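Asks: In the working numbering, the protein residues as written are 2 to 243.
Positions of the beta carbon are idealized from the N, C-alpha and C atoms, including for glycine.
Treat the numbers as computed from the prediction; the structure is a model and nothing was measured.
1) By how many angstroms is the C-alpha of residue 109 removed from the C-alpha of residue 38?
2) Can you name the start and end residues of the beta strand (DSSP E) that residue 212 belongs to?
3) Looking only at DSSP bridge pairs, what is residue 38 linked to?
4) Where do the ends of the beta strand (DSSP E) carrying residue 125 lie?
5) Let me know if residue 93 comes out buried or exposed under the rule of 16 or more other beta-carbons within 10 Å of its beta-carbon.
6) Express the C-alpha separation of residue 114 and residue 201 in angstroms, rounding to a whole number.
7) List the residues that DSSP assigns as beta-bridge partners of residue 153.
8) On a Cα-Cα basis, can you pick out the residue from 161, 226, 168, 185 that is closest to residue 44?
9) If you check the beta carbons only, do residue 106 and residue 146 fall under 8 Å apart?
10) Residue 97 to residue 89, Cα distance in whole Å?
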């Protein structure tokens, strides 16, 4: 039987082992939405030109073209590089890919900033595994886009593949630390960490929405494809509050 639901395409960093299983879990109770993945080579993160060159438009377009073979309704670059490369630069990248493949395109970075705008968030907390220089640049780029980071915590790690193995207690403690600054929302930024499963419990504890990069990517992709993300329950307020 031909599938008549919504197909979402995700462009995945090649070393990422978290976003696919978490996205499947998020969609577990929504059988009319399926998600399909293509990969781009990402093996390291830094502010250097060699690392940032991994996120060029050509590789993204090639990955997106493969997703169009599956007739996806929307595509998301499910990586957070736009956070340090620049929100506007990331927006231009999404538009370039969309123009090349004829499908609407968003990104994890655009998803978070879109949620902030819809929810009226101007002050946020930032939790990441990243190195200090990258964390600083993310805060600067978000400030340029109108979002002030009022509290931050980062692990200072550059072993990107092993981000996936960082345990819930570490993330929960960092979220609690950042919550002390009383932001309007906290984002766990990185699609190779397991922040999404903590949203419901941490929101009950802190009273602050937790906007995880993986969850935000799915939220934005569903909206872009014309289907309601509010059907996702038990994964925090971001799916129903904006």
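Replies: For this structure:
1) Residue 38 and residue 109: Cα-Cα distance of roughly 14 Å.
2) Its beta strand (DSSP E) spans residues 211-213.
3) In the DSSP output, where bridge partners are listed per residue, residue 38 has 11.
4) Residues 124-129.
5) When all chains shown are included, residue 93 counts as exposed.
6) C-alpha separation (whole angstroms): 20 Å.
7) Note: residue 153 sits in a beta bridge opposite 127.
8) Considering only alpha carbons, the answer is 161.
9) Not closer than 8 Å, so no.
10) Rounded to whole angstroms, residue 97 to residue 89 spans 12 Å at the Cα level.
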